[in-house]
Amino acid sequence: MTDKLSIDLDQASPVEIFEKGKAFLAGKNVKRDATKAFELFHLSADKGHGPAQFKLSVAYLNGDGVKKDLEESQKWLNKAAISGMAEAQEALAEAYNLGEPYGEVKTAEAFEWYVKAADQGLVKSQSVVGRSYWVGDFVERDLVKAVNYLTLASDQGDADAQSYLGWAYERGEGVDKDLVQAVKYHRQAAAQGHPESRRALGQAYKNGQGVEKDLSQAIKFLTLAADGGDTEAQRELGDAYERGEGVKPDLNQALKYWRLSAEGGNEKAKLSIGEAYYKGYGTQDDFPYVLGYLRSLSDRGVPEASHELGEIYFNGDGVKADVNLALKFWHKAIQEGNANSMLSLGSAYADGQGVKRDLEKAVEYWKQASDGGLAEAKYVLGFAYANGQGVERDLDKAIEYWKQAADEKAGFPEAQLNLGYFYYQGKFLEKDIDQALKYWRLAADLNDRSAQVALALVYHDGDGVEKDLAQAVKYFKLAADQGDPEASYFLGEAYLKGEGVKKDVSLALKYLLLASEDDNPDAQYSLGNVYFYGKEVKRDAIKGVKYWSLAASQDHDEARFALGRAYANGDGVKKDPTKAIEYWSLSADQGHAPSQYQLGLAHLFGQGVKKNQERAVEFLTQAADQGYAPAADKLRDLKGQSAS
723 MTDKLSIDLD QASPVEIFEK GKAFLAGKNV KRDATKAFEL FHLSADKGHG
773 PAQFKLSVAY LNGDGVKKDL EESQKWLNKA AISGMAEAQE ALAEAYNLGE
823 PYGEVKTAEA FEWYVKAADQ GLVKSQSVVG RSYWVGDFVE RDLVKAVNYL
873 TLASDQGDAD AQSYLGWAYE RGEGVDKDLV QAVKYHRQAA AQGHPESRRA
923 LGQAYKNGQG VEKDLSQAIK FLTLAADGGD TEAQRELGDA YERGEGVKPD
973 LNQALKYWRL SAEGGNEKAK LSIGEAYYKG YGTQDDFPYV LGYLRSLSDR
1023 GVPEASHELG EIYFNGDGVK ADVNLALKFW HKAIQEGNAN SMLSLGSAYA
1073 DGQGVKRDLE KAVEYWKQAS DGGLAEAKYV LGFAYANGQG VERDLDKAIE
1123 YWKQAADEKA GFPEAQLNLG YFYYQGKFLE KDIDQALKYW RLAADLNDRS
1173 AQVALALVYH DGDGVEKDLA QAVKYFKLAA DQGDPEASYF LGEAYLKGEG
1223 VKKDVSLALK YLLLASEDDN PDAQYSLGNV YFYGKEVKRD AIKGVKYWSL
1273 AASQDHDEAR FALGRAYANG DGVKKDPTKA IEYWSLSADQ GHAPSQYQLG
1323 LAHLFGQGVK KNQERAVEFL TQAADQGYAP AADKLRDLKG QSAS
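1182 is the number that the working numbering gives to position 460 of the sequence shown; each next residue is one higher, with no gaps.
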């Protein structure tokens, strides 16, 4: 290959010499010659050319065209960095930070060179400097400077910088708190596969912070983060599967994600596994592994682990019950300030389980737990004062404790839910719908599906509030997405009828089927109607009868009535008037007026039963007395016939 790059080295500039060296190194228009490249780089470097000095450093480091020499490599890297070459400055910063390849760790010098490279626009250095100011690594913490450098790196697409900015805006550190901006930056980082930002997005959707609350999106991003190895996302995903938040409850999936998180060192996940096993999840074969986790954590002074061990030995879950050992672990946890053990010990004294029943002592421990900030203890104390158990009855004090437990900061959904019912029903408290809604909303925002259903039903029925079907659908969907069968039924009906939401038969069937699979008889009856009458789908009388039968087996009177008519007419089933009478009789005994009317007609005309006008009048009268117009009309006809 002919050398097409011949130049007069004596007259050439350092840049020209450097470019010819690059050509020999790359074999561009000349035969590759690393030794020749090295010689040319040396000539250029001797004339003070920074890029050539950097290339010399790399050559000495890798032994490319010259014998490997770390001392020479570091010398030329220093020269290149001092000459102002940004890439050399970043490389020198990395070398001092990691102690490789030159064997020297100089954190202060590393930070100085990172700053110089960052100020010249190198994204990695901008990200490192921003993170250093954020955590106070190498330098005194300065959140404003951190945000400035992180913004520069973020604008160049650095995922770590985008993630840090997400946390900055979420917490209001170095910038004004702005949850929408936090989501924006986390979304940018998540799109590049950043596990922590994916987890942050999942949490944002879960809590409705910076975005509209959406549990399905929350699960999507938590799953991505968990699959990326984020142990906290794995733990939260385990919690979601346990509670049925955004997914159908699945204890096996919960344990799967908790195990992944625990294996990554997440102590909260280890505690969750321990709690799961004393609740009876998992298999006995795994129990020693769980017990080992908890004992290790307890020995290290983790009070939550001591508390869980107390629960396990107290209840005999996976081990032989040992009250003394349970009390030992609870007292250890209490000495370390664990309020849950105070609550458990109080409950043991209240129930007389493992210790002599002592309500006053129970209240004493509950008060300690309450003073320790445990909302559940405040809730329990409320009932103690309401019922005068272990203390003098004091309704005002009971209400005070319930309100403390239900307070937004305390965040105990069960207290919020029940306080809502107390206000709604006027029990213990004067009836106040606004207060009821307030507490139910607090619980609903914490994903309590019972509160979500309570709110949905109030808005659906307009009971105490202005009817608002859109609001009803909103809360039904939140609860349905957590696997609540009643909410799934109502949501299916809403989509079927287009009430509060655009009519969508496919979604209607989806939610009605979910509710039906959870044995909701109203949903089974509704599905029976859909298929039997074929108004929204192709008619399938056999399928309609199948769903009515499921509902009827759960004593659903409307389904029994419908089945009676199907058997009477032989529609979807073989005609069987006797079977029709059986179904109508079951419903009529429960006061179902249409069934009473049909029984009246059956006895009047002798259909499935022996003709008996006296019995006919009896059933027709029962239906008419409930205001059922067809029965009243038939009775008038019979009286008219008698008169004539």
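Yeah, the Cβ is synthetic: ideal placement off N, Cα and C, and Gly gets one too. For clarity, every value in this text was computed on a predicted model and none was experimentally measured.
Three or more beta-carbon pairs drawn from the region 916 to 924 and the region 934 to 954 are found closer than 8 Å, and the two stretches are therefore classed as touching.
Within the same chain, and ignoring the five residues on either side of residue 1154 in sequence, the residues whose Cβ sits closer than 6 Å to its Cβ are 1145.
One Cα belongs to residue 932, the other to residue 1319, and the distance between them is close to 57 Å.
For a cut-off of 8 Å, the C-beta gap from residue 1230 to residue 1211 is around 10 Å, too long to register as a contact. By the Cβ rule, the region 807 to 814 counts as touching the region 834 to 844, because three or more pairs are nearer than 8 Å. Relative to residue 891, the option among 1055, 1167, 926, 1071 whose CA is nearest is 926. Going by DSSP, residue 807 is part of no alpha helix (DSSP H) at all; its letter is neither H nor E. DSSP places residue 1275 outside both helix and strand once states are collapsed to three, so it counts as coil.
Setting aside the 5 residues that flank it on each side, residue 1262 is surrounded in the same chain by 1253, each with a C-beta closer than 6 Å to its C-beta; the list follows chain order. Runs of the alpha helix (DSSP H) lying entirely within the region 850 to 932 and spanning at least 4 residues, in chain order: 865 to 877, 881 to 893, 901 to 913, 917 to 929. Here the alpha carbon of residue 1325 sits roughly 10 Å from the alpha carbon of residue 1340. Rounded to the nearest whole angstrom, the C-alpha separation of residue 1214 and residue 1095 is 41 Å. In terms of Cβ geometry, residue 1081 and residue 1126 do not form a close pair [threshold 7 Å].
Setting aside the 5 residues that flank it on each side, residue 1134 is surrounded in the same chain by 1097, 1098, 1100, 1101, 1127, 1128, each with a C-beta closer than 8 Å to its C-beta; the list follows chain order. Listed in chain order, the non-local C-beta contacts of residue 1055 below 7 Å within the same chain comprise 1025, 1028, 1029, 1032, 1063, local neighbours out to five positions each way being set aside. Non-local beta-carbon contacts of residue 805 in its own chain, meaning distances under 7 Å to residues more than five positions away in sequence, involve 770, 772, 775 in chain order. In the DSSP annotation of this structure, the continuous segment of the alpha helix (DSSP H) that includes residue 1142 starts and ends at 1135 to 1147.
Taking C-beta separations shorter than 6 Å and ignoring five residues to either side along the sequence, the partners of residue 1104 in its chain run 1120, 1123, 1124, following chain order. The beta carbon of residue 802 is closer than 7 Å to those of 772, 775, 776, 779, 810 in its chain, skipping five residues each way along the sequence. Within the same chain, Cβ atoms closer than 6 Å to the Cβ of residue 1192 are found at 1222, the five residues on either side in sequence being excluded. A residue is called buried when at least 16 other Cβ atoms come within 10 angstroms of its Cβ; residue 910 meets this threshold and is buried. Residue 842 carries a coil assignment under DSSP once its states are collapsed to helix, strand and coil. Taking the C-beta atoms as reference points, residue 888 is found no nearer than 7 Å to residue 866. Setting aside the 5 residues that flank it on each side, residue 957 is surrounded in the same chain by 983, 988, 990, 991, each with a C-beta closer than 6 Å to its C-beta; the list follows chain order. Residue 783: member of the alpha helix (DSSP H) spanning 772 to 784, first to last residue.
Take the alpha-carbon of residue 1281 and the one of residue 1313: they are about 14 Å apart. Going by DSSP, residue 1062 is part of the alpha helix (DSSP H) stretching over 1061 to 1073.
The alpha-carbon of residue 985 is positioned some 20 Å away from that of residue 1023.
Straight-line spacing of the CA atoms in residue 1181 and residue 1050 works out to 50 Å.
Counting only the Cα atoms, residue 1060 lies some 29 Å from residue 1172.
In this structure, residue 848 sits near residue 875, with a CB-CB distance shorter than 7 Å. With a beta-carbon spacing of about 6 Å, residue 994 and residue 960 fall inside the 8 Å limit used to define contacts. Counting C-beta atoms within 10 angstroms of its own C-beta, residue 1012 has 16 or more neighbours from the protein chains shown and is therefore classed as buried.
Spatial neighbours of residue 1350 in its own chain (CB-CB distance under 8 Å, excluding positions within 5 residues in sequence) are listed in chain order as 1315, 1316, 1318, 1319.
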